[in-house]
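This report refers to the structure that appears directly beneath it.
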Amino acid sequence: MASSPDSSHNIEDLPAGARTPTNTIPRSHFAGAASELSPPGSQTQPTSTHMAGVMGMGPGNGGPETMPEGTSSAQSQQQPKIPSWMNKRSEEEYQRAMEYVVDQDFTLETPIMMSRSWLQQVLIVFLLSPGLVTSHPRYQSRPELYPLQLNITVPATTDVADGYIFIAPISPQPVQPGAYILRNDGDLVWSGLGRYDIYPANFKVTQWQGKPVLQAFQGYITLSPMRNFGHMSLLDDHYESVRQTRNCDPLLMSLQEFNIHGDEKSAQMQTDRQTQMNLIPWGGDANQTWILDSVAQGKYTTLSCPERVAHAWSVDIDVETGRVVWEWHSVDHVDPGASKLGLQSGCFGSGRDSTDPWIYFLINSIDKDDEGNYLLSARFPSTIYKIDAQSGEILWQLGGRNSTFTYNQELEFAFQHDARFRGRHGDIELISFFDNSYAGCNNITAHPYSSGKYVQLNHSDKTATLTAHLIHPEKVLSSGTGNVQLLPNGNSFVNWDSVGSITEFRANDSQVVFNAWLYSGDGPWNSTQSYRGFRFPWHGRPSEHPSIVARIADRTQTMSIFVSWNGDTETATWRFYVRAVLDGLDQRWKPIGQADRKSFETRFEYSLPERSLDDRIQVAAKAVDVRGSELTFVEANFRDITSWPPGESYEAEA
1 MASSPDSSHN IEDLPAGART PTNTIPRSHF AGAASELSPP GSQTQPTSTH
51 MAGVMGMGPG NGGPETMPEG TSSAQSQQQP KIPSWMNKRS EEEYQRAMEY
101 VVDQDFTLET PIMMSRSWLQ QVLIVFLLSP GLVTSHPRYQ SRPELYPLQL
151 NITVPATTDV ADGYIFIAPI SPQPVQPGAY ILRNDGDLVW SGLGRYDIYP
201 ANFKVTQWQG KPVLQAFQGY ITLSPMRNFG HMSLLDDHYE SVRQTRNCDP
251 LLMSLQEFNI HGDEKSAQMQ TDRQTQMNLI PWGGDANQTW ILDSVAQGKY
301 TTLSCPERVA HAWSVDIDVE TGRVVWEWHS VDHVDPGASK LGLQSGCFGS
351 GRDSTDPWIY FLINSIDKDD EGNYLLSARF PSTIYKIDAQ SGEILWQLGG
401 RNSTFTYNQE LEFAFQHDAR FRGRHGDIEL ISFFDNSYAG CNNITAHPYS
451 SGKYVQLNHS DKTATLTAHL IHPEKVLSSG TGNVQLLPNG NSFVNWDSVG
501 SITEFRANDS QVVFNAWLYS GDGPWNSTQS YRGFRFPWHG RPSEHPSIVA
551 RIADRTQTMS IFVSWNGDTE TATWRFYVRA VLDGLDQRWK PIGQADRKSF
601 ETRFEYSLPE RSLDDRIQVA AKAVDVRGSE LTFVEANFRD ITSWPPGESY
651 EAEA
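Below you can see the structure in the form of structure tokens.
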């Protein structure tokens with residue numbers, strides 16, 4: 001569980017009204033059980049299943065977790081409450097687990113965290129581990145896939161925007177971390193397993209050479225130092241690689257940002273550099289000299305590096321040539337004293353060596369307006385900056401010590417992410433951002449819950465006004481990242497990252513029209529999170545072949561055919577065929593029927609004619625789109641036509 005608030009911690013730099021939480025999250029969230037287990041006698045620090053550092057968290061610092069208001073520990077032990085994020089299936093599994101706990105005289109501290117003994121905790125986690133509560137693979141045609149699921153608490157209404165859900169759960173929480181495209185009901189469209197793996201941050205649709213493509217960060221994160229490194233990979237509608245973009249400078253590309261500008265020629269990216277400077281003015285001693293310079297870059301994207309540009313930190317790059325066209329360094333423009341997490345806070349780097357630099361700034365988003373100027377979100381100063389593209393000077397800042405604009409307490413924010421330009425008319429400028437309001441360290445918060453915010457900036461009277469406030473149905477507090485996407489119909493799609501939830505809000509009245517919890521595995525303890533989440537229209541035409549298998553029920557003449565095509569969005573109908581192979585000669589294909597394609601995997605039942613066990617049967621399927629055009633034809637190999645295990649039958653999931 002998270003550590004208790006540090007009453008001695010000085011948070012004078014936080015916005016007015018900031019405080020340590022006392023009753024913030026009505027649920028500790030269900031990923032914590034496994035990560036918080038420790039052998040008897042070991043010293044267990046407060047932990048979090050969130051990936052640390054790169055998303056604004058320090059090692060060993062989880063989110064504040066408290067009991068729901070009015071609920072005592074004793075009450076929760078006697079009558080564990082079913083969390084509202086569970087769907088019916090999860091509720092049933094939860095109840096079964098609770099019955100086992102009661103039978104074994106286990107003790108529950110909260111609805112989602114077990115205690116009393118280390119061995120008892122291990123037993124519970126083992127009982128609820130993925131794969132232990134189901135006897136069949138999720139997909140007969142693709143048994144190796146175990147994708148992310150959604151626990152949907154607010155089903156999509158007719159007011160949701162068009163498009164699919166793009167989400168990328170991270171390692172190690174999900175069974176299969178990677179990039180996923182899902183329908184509104186949680187049904188799988190595409191598993192990026194093998195295409196985007198490990199840490200596929202910023203998975204979304206973007207425009208490249210006039211066509212929609214997929215983009216995602218490919219790389220790793222490290223906790224010592226808290227860094228991430230890799231490259232951006234673009235896939236076309238066939239899910240084939242069309243470009244990999246890396247930094248031509250001797251710097252590591254960060255997952256924090258890769259944003260191809262509307263002209264499709266340049267992209268904004270972020271990186272970091274360990275550098276040395278005298279940190280005594282900010283509370284350091286003679287041995288504390290290392291600081292992390294947060295850098296924004298703009299460059300042209302390319303596969304080659306024709307020109308070397310040194311010391312590029314906040315950068316705009318040319319997409320074609322890889323040439324850096326703009327760069328900006330935090331240490332050149334912002335005093336380290338602006339950080340709300342001082343050097344002595346112990347949160348994000350000690351500054352004593354290059355492997356543990358003080359992270360005082362941390363750019364986590366970069367956007368570019370029509371005039372070519374840049375919008376930077378800096379997490380630890382809790383400030384959003386607009387930067388002049390020519391001089392690099394700060395044109396204005398919202399939040400922090402020297403805010404250009406005045407605003408009321410409702411607009412107060414801290415440790416924010418994903419600041420975006422939303423338009424300008426005269427002296428009025430509009431932006432949006434995700435207000436975490438939580439540092440991810442020492443239980444420091446500005447508000448009791450995170451939110452998405454749309455803000456109007458008036459350059460005449462220097463005021464900032466909150467125009468839309470997007471709050472999760474359960475008022476969650478996200479210690480990691482998060483983002484707010486403005487959809488074409490005016491709705492907003494919000495990803496709550498570290499608490500593992502996604503929500504769509506209706507335009508104008510901010511009514512919730514969709515909400516789901518990210519979920520991996522068949523037990524209710526397996527939460528997950530995604531760096532960002534989006535909704536986009538998408539047409540997938542995979543180059544890989546469909547997968548088809550057939551199962552013949554034991555002691556019957558009924559054959560079940562299963563077919564799927566990972567990433568396909570165009571198939572409307574599957575047409576099925578069968579033929580016999582006699583004396584090595586293939587007979588003609590015989591049509592046996594068709595089935596509408598309604599989900600990732602389509603099942604078709606066929607009653608075989610009287611036959612001997614020596615007959616060799618082959619099945620096939622043809623994919624047809626809404627216009628009746630054939631898309632592909634796939635045959636099942638003989639090894640893919642098997643019998644069910646004796647005494648078993650297959651029941652499709654509802």
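Numbered by my numbering, the letters in the sequence shown go through residues 1 to 654 in order. Glycine included, C-beta positions come from ideal geometry on N, C-alpha and C. Since this is a predicted model, take the numbers as computed values, not measurements.
Simplified DSSP state of residue i, which is helix, strand or coil
i: Glu605; result: strand
i: Gly230; result: strand
i: Ser547; result: strand
i: Ala338; result: helix
i: Pro143; result: coil
i: Val634; result: strand
i: Ser343; result: Note on identity: in this sequence residue 343 is Leu, with Ser being the wrong assignment. Note: Leu343 maps to helix in three-state DSSP.
i: His261; result: coil
i: Glu410; result: helix
i: Asp596; result: strand
i: Asp272; result: strand
i: Val213; result: strand
i: Pro26; result: Unreliable placement is indicated for Pro26, whose pLDDT of 29 sits below 50; the coordinate value is still reported in the next sentence. DSSP places Pro26 in coil when its eight states are reduced to three.
i: Val476; result: coil
Among the options, the one whose alpha carbon lies nearest that of residue i
i: Gln529; options: Phe203, Val578, Val499 and Ile617; result: Val499
i: Asn495; options: Pro147, Lys204, Leu214 and Ser403; result: Lys204
i: Asn442; options: Thr463, Ser365, Lys368 and Leu341; result: Leu341
i: Leu608; options: Ile561, Asn458 and Asn287; result: Ile561
i: Gln416; options: Ser191, Ser377 and Pro448; result: Ser377
i: Tyr374; options: Pro488, Ser233 and Phe421; result: Phe421
i: Thr206; options: Ile198, Arg243, Arg195 and Asp197; result: Arg243
i: Tyr360; options: Cys347, Ala267, Asp353 and Glu371; result: Cys347
i: Trp358; options: Tyr180, Ala468 and Leu292; result: Leu292
i: Thr602; options: Ala550, Ile617 and Val578; result: Ala550
i: Arg195; options: Gly178, Leu188, Gly210 and Val189; result: Gly178
i: Leu457; options: His425, Thr481 and Phe604; result: His425
i: Phe514; options: Pro155, Arg597 and Thr289; result: Pro155
i: Trp282; options: Leu343, Gln274 and Thr275; result: Leu343
i: Phe405; options: Val455, Ala446 and Ile366; result: Val455
i: Leu214; options: Trp538, Thr558 and Asn489; result: Trp538
i: Thr632; options: Ile617, Leu486 and Thr573; result: Thr573
Residues bridged to residue i (per DSSP)
i: Arg420; result: Ser432
i: Lys453; result: Phe433 and His469
i: Tyr438; result: Thr445
i: Ile280; result: Beta-bridge pairing links Ile280 to no other residue.
i: Arg588; result: According to DSSP, Arg588 bridges with nothing at all.
i: Leu188; result: Leu182
i: Gln618; result: Arg579
i: Val484; result: Val494
Span separating the alpha-carbon of residue i from that of residue j
i: Tyr519; j: Ser599; result: 19 Å
i: Phe434; j: Val325; result: 28 Å
i: Asp427; j: Leu466; result: 16 Å
i: Thr153; j: Val476; result: 14 Å
i: Ala338; j: Gly349; result: 16 Å
i: Glu635; j: Pro542; result: 17 Å
i: Ser141; j: Asn287; result: 60 Å
i: Arg588; j: Gly163; result: 41 Å
i: Lys590; j: Thr571; result: 21 Å
i: Pro169; j: Ala201; result: 9 Å
i: Thr503; j: Pro212; result: 24 Å
i: Pro546; j: Thr157; result: 31 Å
i: Phe413; j: Gly219; result: 30 Å
i: Gln619; j: Trp517; result: Just to set this straight, residue 619 is Val in the shown sequence, not Gln. When rounded, the distance between both Cα atoms is 38 Å.
i: Ala623; j: Phe166; result: 24 Å
i: Ile363; j: Thr271; result: 8 Å
i: Phe380; j: Leu398; result: 13 Å
i: Ile181; j: Asn151; result: 15 Å
i: Phe505; j: Trp328; result: 35 Å
i: Ile431; j: Glu144; result: 43 Å
i: Leu395; j: Ser492; result: 28 Å
i: Gly593; j: Ile548; result: 15 Å
i: Phe534; j: Gln557; result: 46 Å
i: Asn489; j: Ala161; result: 6 Å
Ordered list of beta strand (DSSP E) runs contained in the region 149-181, each at least 3 residues: For secondary structure counted as the beta strand (DSSP E) over 3 or more consecutive residues, the region 149-181 holds these complete runs in sequence order: 149-154 and 164-169.
Sequence ranges, beta strand (DSSP E) only - wholly within the region 494-522, length at least 3: List check, beta strand (DSSP E) in window: 501-505 and 512-519.
Segments assigned alpha helix (DSSP H), at least 4 residues, entirely inside the region 348-402: Fully enclosed alpha helix (DSSP H) runs of 4 or longer: not present.
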